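Below is one structure, written out as structure tokens; comments come after it.
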Amino acid sequence: MKDSPISSIILREREFFVKRDDLIDPYLAGNKYRKLYTLLHTPPEKYHTLISYGGTQSNAMLAIAALCKQKGWKFLYYTKELSQVQKQNKNGNFVISLELGMYHKELAQEEYRDFIASLRLHFDEKVFVLDQGGASMNAREGMEVLAKEIRESALDVDAIATPSGTGTTALYLAHALPEYTIYTTPCIGDTSYLQEQMLALAPIPENLMILENQKKYHFAKPYREFFEIYQELFQTGIEFDLLYAPGMWKALLEQTSQKILYIHSGGVSGNESMLERYRAKGFFKEM
Ligand SMILES: *Cc1c(COP(=O)(O)O)cnc(C)c1O
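Here's what the structure looks like:
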């Protein structure tokens, strides 16, 4: 694998650099590629099945489906029961993952939690269970590779930014790059929830700075200001995801002034369904 390229953009008269991890692969890209790096370099005969669970829009699900196809591993993915709307209106990532060979299993709301908690008890050592969103200590190695690429690019920046879901990416990147400030923003839940998830994996280093937006945003809901940032970014020539990136960019624009390298975490394949919801809300202005 060649290093992913770095672009430079001007946003509101500020220059930002963007690490183009979105360009690595159509499906196995962004921080999911980095998080799955160790599994990607695992001999195929080590496992026959990979199991994970979570939402039907998940970027991790899509990346794992692509990984398992490459490896010849069976991929079992558990979700809660799909709603009528979800059944009719299956989103891009979900359909692509099924096409890549994913087996989807629905669990009743009331059994979901206990079943997931006991997942590892049901299976032998040829089965790898990966927690929701790829939150795993396994992600460390891929972030070290990313850190090495950043270091070798010798860019003149003071800080690095990446938005958080589970916080796995920001946490291990901060460990791997102690000489930089790593900014992140919680996109699912608040700062204390993010810290809790990070602490389940490793201590939080001092160079990791969590920037919280003043307004509370709910994950995967359409917001006018998010769409405006998405459009502004689009005009610089790079499409970003609509779930995580807008909140991070908003926090960077409002709360920082340094030279920043933004890690593009991919996820653009999930935009199709979000754009539909933006259209339905009437926020959509033709670009
Ligand atoms: C998964 C994902 C994130 C969150 O990554 P974590 O390691 O779970 O914090 C951020 N941005 C995009 C585009 C993602 O797909």
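Position one of the sequence shown corresponds to residue 1361 (my numbering), numbered consecutively onward.
Cβ coordinates follow ideal geometry from the N, Cα and C atoms, glycine included.
No experiment lies behind these values; they were computed from the predicted model shown.
Taking its Cβ as the centre, do 16 or more other Cβ atoms sit within 10 Å of residue i, making it buried, or is it exposed?
i     : result
Q1595 : exposed
S1617 : exposed
R1500 : buried
G1626 : buried
G1390 : buried
H1624 : buried
K1392 : buried
D1491 : buried
K1622 : Correcting the residue identity first, residue 1622 is Tyr in this sequence and not Lys. Buried: at least 16 other Cβ atoms inside 10 Å.
M1361 : exposed
F1483 : exposed
H1578 : exposed
Can you check whether the CB of residue j is closer than 9 Å to the CB of residue i?
i     : j     : result
F1435 : T1409 : yes
K1597 : I1369 : Looking at the sequence provided, one finds Gly at residue 1597 rather than Lys. For G1597 and I1369, yes; Cβs fall inside 9 Å.
Y1472 : S1457 : no
Y1540 : G1502 : no
N1419 : S1629 : yes
L1603 : A1640 : no
D1381 : L1506 : yes
K1431 : T1402 : yes
K1395 : T1529 : yes
K1440 : A1468 : yes
F1377 : V1517 : yes
E1585 : P1606 : yes
I1620 : A1514 : no
F1643 : F1587 : yes
E1485 : S1364 : no
P1565 : P1582 : no
L1427 : L1388 : yes
E1592 : L1400 : no
Does ligand 1 have a heavy atom nearer than 8 Å to the CB of residue i?
i     : result
S1457 : no
C1547 : yes
A1425 : no
S1625 : yes
D1601 : yes
A1514 : no
G1660 : A question about residue 1660 goes unanswered here, because the residues of the chain that appear run from 1361 up to 1647.
T1522 : yes
E1597 : Residue identity check: residue 1597 is Gly in the sequence provided, not Glu. No.
Y1604 : yes
K1392 : yes
G1527 : yes
N1419 : yes
A1507 : no
K1465 : no
T1395 : The sequence shown places Lys at residue 1395, rather than the Thr named in the question. At least one heavy atom of ligand 1 is nearer than 8 Å to the Cβ of K1395, so yes.
A1530 : yes
Hey, is residue i's beta-carbon within less than 9 Å of any beta-carbon in chain D?
i     : result
P1546 : Among the chains of the structure shown, chain D does not appear; only one protein chain is present.
Along the chain, where does the alpha helix (DSSP H) containing residue i start, and where does it finish?
i     : result
M1569 : Premise fails: M1569 lies in the beta strand (DSSP E), L1568 to I1570, not in any alpha helix (DSSP H).
K1392 : G1390 to K1395
F1600 : Per DSSP, F1600 belongs to no alpha helix (DSSP H) and is neither H nor E.
A1605 : A1605 to Q1615
I1456 : G1452 to E1459
I1424 : N1419 to K1431
Y1638 : N1631 to K1641
S1513 : R1500 to S1513
T1529 : T1528 to A1536
Q1446 : Q1444 to Q1448
For the beta strand (DSSP E) containing residue i, list its first residue and its last residue.
i     : result
V1489 : V1487 to V1489
I1342 : Only positions 1361 to 1647 of the chain appear in this structure, which leaves residue 1342 out of reach.
A1521 : A1519 to A1521
F1376 : R1374 to K1379
E1466 : Y1463 to L1467
L1481 : Run containing L1481: none; DSSP gives neither H nor E here.
L1436 : K1434 to K1440
I1548 : Taken as a continuous stretch (DSSP letters only), I1548 belongs to no beta strand (DSSP E), as it is neither H nor E.
L1621 : I1620 to I1623
S1412 : T1409 to Y1413
T1402 : First-last for T1402: undefined, no H or E at that position.
Y1543 : T1541 to T1544
Is it the case that the segment 1409-1423 contacts the segment 1473-1492, given that we only count it when at least three CB pairs across the two stretches are under 8 Å? yes
Counting beta carbon pairs with one atom in the segment 1451-1464 and one in the segment 1481-1501, are three or more of them shorter than 8 Å?
no
Three-pair Cβ contact test at 8 Å for the segment 1519-1530 versus the segment 1545-1557:
yes
*Three-pair Cβ contact test at 8 Å for the segment 1607-1616 versus the segment 1570-1579*: yes
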